[in-house]
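Below is one structure, written out as structure tokens; comments come after it.
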Amino acid sequence: MGTVVLSVDAELAWGFHDKVSPPIDRVEAGREGWRALLRAFDEHDLPATWAVVGHLFLSGCNGSHPDIPAPSGWFLAEREGELADRELFCAPELVGDIGRADAEHDLGIHTFSHVQFGALETTASLARTEIEVAVDVARQAGFDPVSFVFPRNDVGHRDELADSPIRCYRGVRPEGEGGGLAGRGGKLRAAALGPGAPPLVEPTVDEYGLVDIPASLYLYGFQGVGRRVASLLREDPVVGAVRSGLEAAAERDGVLHLWLHPNNLVTERDHQRIRRVCELVARYRDEEGVDVETMRTVASRTLASRADTASNDPKPTDPQSP
Ligand SMILES: [Zn+2]
Ligand SMILES: [Zn+2]
């Protein structure tokens, strides 16, 4: 029997603070999207992993961060430009809502200021500080983060993660599997039919001892022309793709790992999609016995089963013994 994992990249303006033209409609939708997600998860008692940008734990900020060895100007958007003065850089009340929700969410981190770990200019010292400070502010707020999502899914500095309290991360979706969007044929098909059945993924322990829980499907990655074509169809094709994934999870082992941002919920159609996805996940849990777990739970189960396997391995025989 398979498992569903829902992960949420919770960042408000931080996902766009380094962009010249941030999409204001999306960033402005972030607060309401956050609350709507919490409501939808509570309605169906679905625990999710919330990977929160650490800066959102702060209750106020003047944009000065001498302790973070980031490139100069990295925090400029807090004070100047389109995103400043919109209350999108600090959100302790929204973070607190995750802890106060009825569903047993897993509070993870998404760095402190959305630094892209795979980027060449991101030094080990910057990555380490981003992890340390984010873990620190989360702990001060009473959380104990072990789950991590890389900004822009750009994997890097895993040795620094392994040196921290973090135990697992969302890895990249396996390529070319499960009717993915790879290749020209895939793109054409996606434009006509939607994203196709997402792969069930297998959590693995990487060479640093961290549990890699790859993504199966970004719930709002299917936009643009394809989505406009698909909007003429009766059912949202992403909902159809999720249903295919759930059918697979009802039949065999593996993880259906769905993810999104609160600021993906801009239009009523976007809201409808996540409500429908939550309904379906809950139905497959209740009627088919599919598990719904957080990244934290999947990671501890994966590490425990590995420890079991290791202790059951026959000891290498000692050629000297009689
Ligand atoms: Zn700041
Ligand atoms: Zn992000």
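With the first letter of the sequence shown counted as 1, position 58 gets the number 73 in the working numbering; the numbers rise by one all the way through.
Yeah, the Cβ is synthetic: ideal placement off N, Cα and C, and Gly gets one too.
All values reported here derive from a predicted model rather than from experimental measurement.
CA nearest to the CA of residue i, picked from the options
i    : options                   : result
N279 : V20, M16 and L27          : L27
M310 : Y184, E303 and G211       : Y184
P218 : P62, A139 and T312        : T312
V42  : R288, T137 and A99        : A99
E190 : T317, G157, L232 and S36  : L232
D174 : F132, F158 and W274       : F132
G236 : R288, V226 and V216       : R288
H276 : Y299, R167, A134 and V19  : R167
T164 : G224, I228, T144 and D221 : At residue 164 the sequence reads Val, which differs from the Thr that was named. The shortest C-alpha separation from V164 is found at I228.
A265 : R300, V281 and R50        : R300
H12  : S79, D112 and S162        : Examination of residue 12 is not possible in this model, given that the chain is present from 16 through 337 alone.
H120 : W65, R143 and L135        : W65
R258 : D169, V296 and D117       : V296
S22  : D40, S36 and W49          : W49
S74  : R188, A314 and E102       : E102
H32  : R46, G17 and F104         : F104
P86  : A116, L135, L318 and G17  : L135
L91  : W29, P38 and E262         : W29
V305 : H286, L122, R321 and L215 : L215
Y223 : S179, T282, P213 and E108 : S179
A230 : V254, V187 and G255       : V187
E283 : E47, A25 and P37          : E47
V281 : D268, D40, E147 and N77   : D40
L318 : E145, P38 and D221        : D221
H129 : V110, D24, C76 and P62    : D24
A106 : G45, V148, S79 and D82    : G45
A63  : N327, D285 and I113       : I113
V253 : G269, V270 and W274       : W274
D251 : T144, G123, L271 and D285 : D285
A212 : V226, L234 and A116       : L234
R143 : C76, R115, A325 and I181  : I181
P210 : V226, G255, G171 and R298 : G255
A118 : A314, S326, L261 and D60  : D60
D82  : S315, V148, G260 and R249 : V148
P160 : S326, T324, A314 and L261 : A314
G111 : H80, E262, F158 and G78   : F158
Check: residue i C-beta below 7 Å from any heavy atom of ligand 1
i    : result
H70  : yes
H129 : no
H80  : yes
E93  : yes
F104 : yes
F90  : yes
C293 : no
C183 : no
Residue-chain proximity (residue i, chain C), Cβ-Cβ < 8 Å
i   : result
I39 : In the structure shown, chain C cannot be found, because there is only a single protein chain.
Neighbouring residues (CB closer than 5 Å to any heavy atom of ligand 2): D24, E26, G30 and P166
Contact between the region 148-155 and the region 89-97 is defined here as three or more beta-carbon pairs at a separation below 8 Å; is this criterion met? no
With three or more beta-carbon pairs closer than 8 Å as the criterion, would you say the region 48-56 touches the region 69-76? With a cut-off of 8 Å, the region 69-76 and the region 48-56 do not count as touching, because too few Cβ pairs lie within range.
Every unbroken beta strand (DSSP E) inside the region 267-320 [3 residues or more]: 270-275
Whole beta strand (DSSP E) elements within the region 58-130, 3-residue minimum: 64-67 and 121-124
Meets three-Cβ-pair contact criterion under 8 Å: the region 133-145 and the region 288-300: Output reads no: the region 288-300 does not touch the region 133-145.
If we require 3 or more residues per run, which beta strand (DSSP E) segments fall completely within the region 156-192? none
As an exercise, report each continuous beta strand (DSSP E) stretch of at least 3 residues that is fully enclosed by the region 16-61, in chain order. 18-25
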